[in-house]
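Student: In UniProt numbering, the protein residues as written are 1 to 311.
A virtual CB, placed ideally from N, CA and C, is assigned to each residue, including glycine.
There's a structure below that I have some questions on.
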């Protein structure tokens with residue numbers, strides 16, 4: 001029996017039956033799964049628009065199902081398909097995975113574009129575009145790249161004495177963990193207040209991006225002064241966990257308390273748990289406000305660019 005998650009969703013890995021190439025990863029709910037079984041062509045569920053979509057409904061690049069497999073825990077699918085039109089990606093490539101991630105976190109395009117998206121979809125963003133990005137083929141990569149870039153800046157400000165010109169560098173050199181945890185608590189409270197309508201600057205979406213970026217700022221400073229490696233707490237995974245977690249109010253309150261308690265400890269294992277809990281709340285706030293999980297990180301990067309810390 002298939003095990004859909006708490007939101008009624010299940011990831012599906014779509015593979016070209018002839019070449020074995022991974023074409024895309026998308027989500028199915030029970031209805032999309034049944035439509036896929038009954039029609040013999042892939043159907044998915046768009047979380048951003050809350051509706052079923054038929055792969056290729058605009059481009060004509062439909063996928064005929066050749067075989068379906070379920071994993072050991074019955075909570076994900078692998079579907080082998082015959083891809084019509086040669087391109088499964090809305091960007092015009094055979095696969096959504098057309099870029100290689102390089103050591104410096106930049107991307108290298110390694111595939112040939114088959115069609116121009118504007119010729120197929122026009123200038124307006126298509127439903128297929130929205131759902132492909134929403135399904136996790138691009139956002140996680142972008143999120144990780146941006147967060148790694150941010151953390152590299154904080155580590156640099158920690159390792160180089162720029163205290164004369166940078167307040168962040170001063171905070172990192174002072175290493176006052178208690179002060180940083182106190183500021184984090186304030187920002188976590190304000191982030192929750194935005195979702196309740198109790199803390200308002202401009203509007204819910206803008207305020208969530210602002211307060212989410214502030215929560216990330218204090219979390220990164222705590223990680224940096226304690227010399228926690230990025231790969232030990234993986235903030236991008238934590239944000240996506242919060243974004244898809246469908247947390248209750250009780251769970252949100254528990255995570256806020258957990259983050260502060262664990263980050264008040266100097267043991268690395270406790271610190272990592274606190275960092276993960278804090279970043280997951282950024283993801284929760286983004287889905288609650290209906291914004292992309294990239295928004296708070298983009299806000300931070302823009303601030304860094306204005307200061308000349310990133311190009």
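1. Note the first and the last residue of the continuous beta strand (DSSP E) segment covering residue 64.
2. Quick one: using the 10 Å Cβ neighbour count with 16 as the cut-off for buried, is residue 1 buried or exposed?
3. Tell me, to the nearest whole angstrom, how far the beta carbon of residue 255 is from that of residue 277; I am working on the premise that it is less than 8 Å.
4. Starting from residue 232, trace the alpha helix (DSSP H) both ways and give me its first and last residue.
5. Residue 12 bridges to which residues according to DSSP?
6. With a threshold of 8 Å, are at least 3 pairs of Cβ atoms found where one atom belongs to the region 229 to 241 and the other to the region 187 to 199?
7. Consult DSSP for residue 173 and reduce its assignment to one of helix, strand or coil.
8. Could you give the distance in angstroms between the alpha-carbon of residue 252 and the alpha-carbon of residue 188?
9. Taking the C-alpha atoms as reference points, what is the distance between residue 248 and residue 222?
10. Out of 170, 141 and 40, which one is the CA nearest neighbour of residue 155?
11. Any chance you could list the alpha helix (DSSP H) runs of at least 4 consecutive residues sitting entirely within the region 228 to 271, in chain order?
12. Return the CA-CA distance between residue 56 and residue 10, expressed in angstroms with no decimal places.
13. Taking only runs of the alpha helix (DSSP H) that begin and end inside the region 147 to 221, which ones reach a length of at least 4 residues, in chain order?
14. Who are the Cβ neighbours of residue 310 in its own chain at under 7 Å, not counting the five residues just before and after it?
15. Determine the burial state of residue 72: buried for a count of at least 16 other Cβ atoms within 10 Å of its Cβ, exposed for fewer.
16. Return the bridge partner residues of residue 52 from the DSSP annotation.
17. If contacts are defined as beta-carbon pairs under 8 Å, then residue 297 and residue 245 qualify, I think. What distance do you get, rounded to the angstrom?
18. Would you kindly check if the distance between the Cβ of residue 62 and the Cβ of residue 43 is under 8 Å?
19. When DSSP builds the beta bridges, which residues end up paired with residue 83?
20. Would you please state the rounded distance, in angstroms, between the beta carbons of residue 210 and residue 279? I believe it to be under 8 Å.
21. Give the DSSP bridge partners of residue 109, in chain order.
22. Keeping to the same chain, check which residues put their C-beta closer than 7 Å to that of residue 105; ignore five residues upstream and five downstream.
23. Classify residue 107 as buried or exposed, calling it buried when 16 or more other Cβ atoms lie within 10 Å of its own Cβ.
24. My understanding is that residue 272 touches residue 239, with C-beta atoms under 8 Å, so please give their C-beta distance in whole angstroms.
25. When you compare only the Cα positions, how much space is there between residue 186 and residue 259?
26. Among residues of its own chain, excluding the 5 on either side of residue 264, which ones have a beta-carbon nearer than 7 Å to its beta-carbon?
27. For residue 262, count the other beta carbons within 10 Å of its own beta carbon; 16 or more makes it buried, fewer makes it exposed. Which is it?
28. Excluding the 5 residues preceding and the 5 following residue 123 in the sequence, name in chain order all residues of the same chain whose CB lies nearer than 7 Å to its CB.
Tutor: Let me spell this out:
1. 63 to 70
2. exposed
3. 5 Å
4. 230 to 233
5. 26 and 77
6. no
7. helix
8. 10 Å
9. 27 Å
10. 170
11. 230 to 233, 235 to 244 and 249 to 263
12. 20 Å
13. 167 to 174 and 177 to 196
14. 149, 153, 301 and 304
15. exposed
16. 45
17. Between residue 245 and residue 297 the Cβ distance is about 18 Å, and since that is not below 8 Å, they are no contact.
18. no
19. 63
20. Not really, about 16 Å apart at Cβ, beyond 8 Å.
21. 99
22. 145, 148 and 149
23. exposed
24. Rounded, the Cβ-Cβ distance is 15 Å, inconsistent with contact.
25. 12 Å
26. 181
27. buried
28. Any reading at residue 123 needs caution, since the residue's pLDDT is 42, under 50, leaving its predicted position unreliable; the model's value is listed next. Same-chain partners within the cutoff: there are none.
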